[in-house]
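Enquirer: Numbering (full-length UniProt numbering), first residue to last: 1 to 312.
Where a beta carbon is used, it is the ideal one built from N, C-alpha and C, also for glycine.
Here it is: the structure, laid out below.
So this is what it looks like as structure tokens:
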């Protein structure tokens, strides 16, 4: 934590409780912990996470067929410019046999995509969440993120972080004005939802691939391809999910589940509701996060509403 006080208009940062005081103005008050993490620290730890992602795909394990690129002013039209699928090849044996990928795949059939319909979490589904979290916390990626959070005083222990991450991502809330407990951050980001007859969320390449393989997604075009020559890369696509349109769907491609969860959580904890600038392989990337402000968990904590890579 940090102590910040004003001296001649300048902030002075010292070790101690996270408080903010203005000379001559009453009692100090709390400052959120994200103020104690600098932009350079976020870039540094994101490079560490990028290097630690040993489960990411190689260029031989995923082959894309991008086909037609459209301009930003064409994204909302929903016109089909691609006669073939986006994914030409994915080495499922190499990638999906890895424990964290297998854990993610086990979760993806647990959700009702239509908002307004209650999410019923069975005992086996709850056990799948715990098993997935157990696996990702055994990876180098989550080990590095945990070390960073502990060093900044954001969490007191790995168990503290793990418990909060579970609530933050998997805790249920209502996107239907209280009609049903129908959503969570994980469902929104990794699975995707249908709201007001449009695709809402949905930023995970593994789920996209599975649906496309099964004939449930029609790839239309792409509007952004990041500067990375290998994986993970950041891209933005247009597609229909059984008829429902996503005019701009931005994704990490080829990343592991733990990497996505780690960088999204890093940005949510340090730059909530803002663009968060990362450095990945020496190249800049931005993550946008949003808090769910209509309900809370714990002592005033907010569920994650959305997180995704920004596509220029």
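#1: Determine whether the beta carbon atoms of residue 69 and residue 221 lie at a separation below 8 Å.
#2: Which residues does DSSP pair with residue 276 in a beta bridge?
#3: Apart from the five residues just before and just after residue 228, which ones in its own chain have a Cβ nearer than 8 Å to its Cβ?
#4: Take the Cβ of residue 313 as the centre, count every other Cβ of all protein chains shown within 10 Å, and call the residue buried at 16 or more, exposed below.
#5: What did DSSP end up calling residue 310 once you bin it into helix, strand or coil?
#6: Given this structure, state the Cα-to-Cα distance separating residue 73 from residue 308, to the nearest angstrom.
#7: Taking the straight line between their C-alpha atoms, what separation do you get for residue 83 and residue 254?
#8: In this structure, does DSSP put residue 108 in helix, strand or coil?
#9: Return the bridge partner residues of residue 52 from the DSSP annotation.
#10: Do residue 173 and residue 306 come within 8 Å of each other at the CB atom, strictly closer than that value?
#11: Taking only the alpha-carbon atoms, compute the straight-line gap between residue 32 and residue 130 and give it to the nearest angstrom.
#12: Does the region 266-279 come close enough to the region 44-54 to have 3 or more Cβ pairs within less than 8 Å?
#13: Taking the beta carbon of residue 89 as the centre, do at least 16 other beta carbons fall within 10 Å, making it buried, or is it exposed?
#14: What first and last residue would you give for the alpha helix (DSSP H) that runs through residue 168?
#15: DSSP state of residue 265, grouped into three classes?
#16: For residue 86, is the classification buried or exposed, using 16 other Cβ atoms within 10 angstroms of its Cβ as the cut-off for buried?
#17: I need the boundaries of the alpha helix (DSSP H) containing residue 114, first residue and last residue.
#18: Please name the residue or residues paired with residue 42 in a DSSP beta bridge.
#19: In this structure, what does DSSP give as the bridge partners for residue 294?
Expert: Checking against the coordinates, here is how it stands:
#1: Closer than 8 Å, so yes.
#2: 287.
#3: Setting aside the 5 residues that flank it on each side, residue 228 is surrounded in the same chain by 234, 280, 281, 283, each with a C-beta closer than 8 Å to its C-beta; the list follows chain order.
#4: Given that the chain is displayed from residue 1 to residue 312, the structure contains no residue 313 and the question cannot be resolved.
#5: Residue 310: coil per DSSP, three-state reduction.
#6: Here the alpha carbon of residue 73 sits roughly 21 Å from the alpha carbon of residue 308.
#7: Residue 83 and residue 254: Cα-Cα distance of roughly 23 Å.
#8: The answer is coil: DSSP assigns residue 108 none of H, G, I, E or B.
#9: Beta-bridge partners of residue 52 (DSSP): none assigned.
#10: No, they are not a contact pair.
#11: In this prediction, residue 32 has a pLDDT of 49, which is less than 50 and means its spatial position is unreliable; what the coordinates show is noted afterwards. Distance between the alpha carbons of residue 32 and residue 130: 28 Å.
#12: Three or more pairs of CB atoms, one per stretch, sit closer than 8 Å, so the region 266-279 contacts the region 44-54.
#13: The Cβ neighbour count for residue 89, taken over all protein chains shown within 10 Å, is under 16; the residue is labelled exposed.
#14: Counting along the chain, the alpha helix (DSSP H) containing residue 168 begins and ends at 158-170.
#15: Three-state DSSP puts residue 265 in a helix.
#16: Per the 10 Å Cβ criterion, buried.
#17: Note, residue 114: premise wrong, no alpha helix (DSSP H); not H, not E.
#18: Residue pairing by DSSP places residue 42 opposite no residue, since no beta bridge is assigned to it.
#19: Note: residue 294 sits in no beta bridge, so no partner.
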